[in-house]
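full-length UniProt numbering numbers the first residue of the sequence shown as 1 and each following residue consecutively.
Where is the CB? At the ideal position from N, CA and C, for every residue including glycine.
One structure is given below, encoded as C-alpha cells.
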Amino acid sequence: MSFLIRVIVNALALAAAVWIVPGLKIVATNEGLTSTVIAYLVVAAIFGLVNALVRPVVKLFSLPITCLTLGLFTIVINAVMLLLTSWLTTFTPFELIIEKFWWDAIAGTIIISIVSAVLGLFVKSGNE
1 MSFLIRVIVN
11 ALALAAAVWI
21 VPGLKIVATN
31 EGLTSTVIAY
41 LVVAAIFGLV
51 NALVRPVVKL
61 FSLPITCLTL
71 GLFTIVINAV
81 MLLLTSWLTT
91 FTPFELIIEK
101 FWWDAIAGTI
111 IISIVSAVLG
121 LFVKSGNE
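Here it is in C-alpha cells:
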C-alpha cells in the first residue's frame with residue numbers, strides 16, 4: 001500500500017473514531033469542509049509517521065509485558081501512540097484532542113484498528 005493510501009485509510013479510521021467516541025476531536029483553526037478534510041489528512045499522516053517510526057521501538061522494549069499479557073498490552077501501546085500524535089499535532093494548525101486516556105484513547109485505538117483492518121481488506125496491495 002502506498003503512503004498516500006495509508007494516510008487516507010488512517011484518516012477514515014480517525015473520522016470513524018471521532019464520530020463514535022465523544023472525547024476525541026480533531027479541530028482545525030479555519031472552519032470549513034476543505035479545512036476539515038485537510039485536518040483529518042494531516043493528523044492521519046502524523047499518526048502514520050508515529051506508527052512507522054516510534055511504535056516499533058516501543059513494541060520492542062515492551063515485549064516482555066506484552067508476552068505476559070498475551071498481547072493485550074498492544075492496545076495500551078496503540079493508545080500511547082495516539083496520545084503522542086495528539087501532542088505532536090499541538091504544533092500544527094490542526095489538533096487532535098483526547099479528553100480522557102483510559103476511555104477515549106483506548107476506545108479510539110480499538111475503533112481505529114478495526115476500521116483500518118476492514119478498509120485494508122478492500123484496498124489493493126501494491127505487491128500483487
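Check                                                                                         : Outcome
Same chain only: Cβ atoms within 6 Å of P93, ignoring 5 sequence neighbours per side          : T29
Where V42 falls: helix, strand or coil (DSSP)                                                 : helix
Residues near T36 by beta carbon distance below 7 Å, same chain, minus five either side       : A28
K124 - DSSP class collapsed to helix/strand/coil                                              : coil
Given L24 as reference, the closest of A117, L119, L121, I111 once Cα atoms are compared      : I111
Coarse secondary structure for K59, derived from DSSP in three states                         : helix
Endpoints, alpha helix (DSSP H) assigned at A15                                               : 3-20
Segment limits, beta strand (DSSP E) that includes A105                                       : Where A105 is concerned, there is no enclosing beta strand (DSSP E), given that its DSSP letter is neither H nor E.
Which of helix, strand or coil DSSP assigns to V27                                            : strand
Where the alpha helix (DSSP H) through L88 begins and ends                                    : 73-88
The region 36-48 touching the region 66-78, judged by at least three CB pairs closer than 8 Å : no
Collapsed DSSP secondary structure at L96 in the structure displayed                          : strand
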